[in-house]
Amino acid sequence: MRKLLSYILLFYCLILFQAINAQSTRIDSLLAVLTTQKGEDKVKTYYNLVENLRNDTDSMGFYIRKALDLSQDINYTKGVIDGYNGLALYWCDRGQPDSSIVATKNALAILSGKSKPSLERIQSFSNYGQALMQMAHYDESAKWHLRSLADSEKINDPNGIVRSLNNLGTIYWYLNDLDSALSYYTRALSISKKNSIDIFTAKILGNIAIINHSQGKLQEAKVAFDKALLMKRKLNDQLEVAITLQNMGRLYQQLEEFDKAKNYYYQSITISKQIDDQIGVIYTLQNLASLEGNTKNPDRAIKLLDSALVLAKKIKFKEGIKFVYDLKSNLLAEMDDYKNAFENRLLYEAWKDTISNEKHLNMVKELETKYETEKKQNEILSLSDENLKKEVTISKKNSFIKTILFSGAILAVIGLSIFMVFRQKYNINKQQAVVETMAKTELKEQHRISRDLHDSVGAMLAAVSNQLSKLITVNKEQQEQIKKTQQLLSQTADETRRIAHNMMPEELVKFGLINAIENTVEGIVSAKKIKVDFVHFGMEERLDDIKELHIYRIIQELLQNIQKHAQATKSTLQFTKHQNELNVIIEDDGNGFKINNTNNGTGLQNIYSRVQFLKGTIQIDSLLDKGTSININIPLV
1 MRKLLSYILL FYCLILFQAI NAQSTRIDSL LAVLTTQKGE DKVKTYYNLV
51 ENLRNDTDSM GFYIRKALDL SQDINYTKGV IDGYNGLALY WCDRGQPDSS
101 IVATKNALAI LSGKSKPSLE RIQSFSNYGQ ALMQMAHYDE SAKWHLRSLA
151 DSEKINDPNG IVRSLNNLGT IYWYLNDLDS ALSYYTRALS ISKKNSIDIF
201 TAKILGNIAI INHSQGKLQE AKVAFDKALL MKRKLNDQLE VAITLQNMGR
251 LYQQLEEFDK AKNYYYQSIT ISKQIDDQIG VIYTLQNLAS LEGNTKNPDR
301 AIKLLDSALV LAKKIKFKEG IKFVYDLKSN LLAEMDDYKN AFENRLLYEA
351 WKDTISNEKH LNMVKELETK YETEKKQNEI LSLSDENLKK EVTISKKNSF
401 IKTILFSGAI LAVIGLSIFM VFRQKYNINK QQAVVETMAK TELKEQHRIS
451 RDLHDSVGAM LAAVSNQLSK LITVNKEQQE QIKKTQQLLS QTADETRRIA
501 HNMMPEELVK FGLINAIENT VEGIVSAKKI KVDFVHFGME ERLDDIKELH
551 IYRIIQELLQ NIQKHAQATK STLQFTKHQN ELNVIIEDDG NGFKINNTNN
601 GTGLQNIYSR VQFLKGTIQI DSLLDKGTSI NINIPLV
């Protein structure tokens, strides 16, 4: 038996060595070609490098950005779209779906003017679905994967069809509808094998093995896992290898072969850490914790779960957070720590409710039905169109005049519609210009009044105070009254400065948004009210005055709300400037609030109004006693 295992291990090593050696040769060849290339050819070579560097996270991200930057410099639209799609996949694989969605939106913005399906649009739809699936928004995720499937079928793209079917199967697996999941996986596997798409065949075999395992078909699962692992190692797809190793660990854990299970888990987590697959690390930590629980090491299991929880919260991985609380509750109950077990059970139920499987499953089923119905209607319409063409051919001579008249009427309607659209667009643009002019005028007026209050009125109050100081020495009888008047003048001067600052903060005008916010944060921290961490990326250049003022007011209002209402001890504020968009994320560890509460106050209403004025979007996630996370995106063009 040991001899057989040695042969198998040697066989795997030979396959892996051959794959790595071949891949290294390809990479060296591509790097050599790069030195002689320019323009679009160089962009294509960058993307070929990305394909061959899937297991090297840093290099992969580096070459995607190089390709994107060069594509933007030479106005190569396809290269720009591929760059954003590449970044979307990169961030999703790193467990950062928010960043993935930002990149996907940039790609879709460029594609928005194109009505025909394309490989780029298919990829963008799929990327959006993947990010939403990672965030446990399963109904929304299914919508985007069905769009990707529809486009793929229209242009007969087997890769897109297989990817969409596989992803829809995974959504059903998350929702615990194993029969529907297996149905989608089986369809995907058939098309993948027919078209020799090995990378998907390996992935789908692994997914089918998971279903077999869940249904108790352990021998079938073992055979499928072995096939999948062999193919994935041959392809040197380290992410998929790590996933399969982890699932094989779960299988052997159920078979109570704990040493084998632990070996597979450690192989998996080692690869996940090497390629920065944070979701893989979270799942493996959970599985190791479960294994430690099986082998009567509950303290070790709790430590592993705590590590998984920290990482899951960091990347906002809802499924990971939910499963940690579930496992932790069961372990604590086995340790007779019923109080903490109950608390973790409540937390599990709260997170489970936020991603309600039954609700999502019904929505996904409804979307699938709509998709199939629309597909059949299109087939009927296509058949009707063919019959109509035959009838038109037969009666062409008799209906020629009617056709001309009808066409003329259509042209007239189209012409009138175009005129109305342009007129409406002109009026909207005109109104927008008026609003922007008024905003700029109001900004200048606020600046002028603020300066006058600070310089003129402030100086006059200071002069009056000086004169009163002289009177104290002359008129000793009125000394007490003069001192009271001086105090009143001092309070008036302070209030004047405060009003001037509120109308137009001086540090915002002179030094810009980042310095103004840093001063505000320093004031909060120095007063020891709350710890605030402020980080920013890509904010070297200033924004226009109107945007800076409104963004400053939004942050000011949010920080005031955290101080007054959240009862938080810590807050994090992050600014990330992309090419066409500013992303602002602010989080706290306070008591949270009900988002759908209509009595949230004028402060929150003011924030919504300012974001709407800037044509931005705002998303608020909050759980009672679990803190609040606010994500704001503001267009910069």
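FYI, full-length UniProt numbering numbers position 254 of the sequence shown as 254, with every residue one higher than the one before it.
Beta carbons: idealized from backbone N, C-alpha and C, even for Gly.
Nothing here was measured: the structure is a model prediction, and the numbers come from that model.
- Between residue 624 and residue 591, the alpha-carbon positions lie close to 6 Å from each other.
- If only uninterrupted alpha helix (DSSP H) runs of at least 4 residues are considered, those enclosed by the stretch 23–107 are 39–52, 57–73 and 77–93.
- Look at residue 627 here: in three-state DSSP terms it is strand.
- For residue 573, the enclosing beta strand (DSSP E) has its first and last residue at 570–577.
- DSSP places residue 619 in the strand class (E or B) of the three-state scheme.
- Per DSSP, the continuous beta strand (DSSP E) segment holding residue 582 begins and ends at 581–588.
- Taking 4 residues as the minimum length, the alpha helix (DSSP H) runs contained wholly in the stretch 158–203 are 158–174 and 178–194, in order along the chain.
- In the same chain as residue 123, and ignoring 5 residues on each side of it, the C-beta atoms closer than 6 Å to its own belong to 85, in chain order.
- Non-local beta-carbon contacts of residue 512 in its own chain, meaning distances under 6 Å to residues more than five positions away in sequence, involve 542 in chain order.
- The continuous beta strand (DSSP E) containing residue 532 extends over residues 531–537.
- The Cβ-Cβ distance between residue 121 and residue 151 falls below 8 Å.
- In the three-state reduction of the DSSP assignment, residue 155 falls in the coil class.
- Linking residue 319 to residue 188 through their CA atoms gives a straight-line distance of about 25 Å.
- If the five residues before and after residue 243 are omitted, its C-beta is found closer than 8 Å to the C-beta atoms of 206, 268 and 280, all from its own chain and listed in chain order.
- The beta carbons of residue 587 and residue 520 sit no closer together than 8 Å.
- When beta bridges are read from the DSSP output, residue 634 appears opposite 582.
- Around the beta carbon of residue 526, fewer than 16 other beta carbons lie within 10 angstroms, which makes this residue exposed.
- Taking 8 Å as the cut-off, the beta carbon of residue 71 is found no closer than this to the beta carbon of residue 88.
- Within the stretch 191–267, there are no complete beta strand (DSSP E) runs of at least 3 residues.
- Distance from the CA of residue 532 to the CA of residue 309, rounded to the nearest whole angstrom, comes to 22 Å.
- Around the beta carbon of residue 45, a 10 Å sphere encloses 16 or more other beta carbons of the protein chains shown; the residue is thus reported as buried.
- Boundaries cannot be given for residue 135, as no alpha helix (DSSP H) includes it and DSSP labels it neither H nor E.
- Between residue 264 and residue 235, the gap from beta carbon to beta carbon reaches 8 Å or more.
- For residue 94 against residue 278, the beta-carbon gap comes to about 6 Å, under 8 Å, which counts as contact.
- The alpha-carbon separation between residue 343 and residue 171 amounts to approximately 29 Å.
- Under the criterion of beta carbons closer than 8 Å, residue 164 and residue 145 qualify as touching, at roughly 5 Å.
- Rounded to whole angstroms, the Cβ separation of residue 551 and residue 634 is 7 Å, and the two are in contact under 8 Å.
- Of the candidates 524, 338, 261 and 67, 67 places its Cα closest to the Cα of residue 37.
- Taking all protein chains shown into account, residue 80 has 16 or more neighbouring C-beta atoms within 10 Å of its C-beta and is therefore buried.
- With 16 or more neighbouring CB atoms inside 10 Å of its own CB, residue 240 falls in the buried class.
- Within the same chain, and ignoring the five residues on either side of residue 208 in sequence, the residues whose Cβ sits closer than 6 Å to its Cβ are 185 and 224.
- Here the alpha carbons of residue 327 and residue 203 stand approximately 27 Å from one another.
- Take the alpha-carbon of residue 63 and the one of residue 538: they are about 19 Å apart.
- In the structure shown, residue 542 adopts coil according to DSSP, grouped into three states.
- Note that the C-beta distance between residue 51 and residue 76 is not below 8 Å.
- By a beta-carbon distance limit of 8 Å, residue 168 does not contact residue 136. Their separation comes to about 16 Å.
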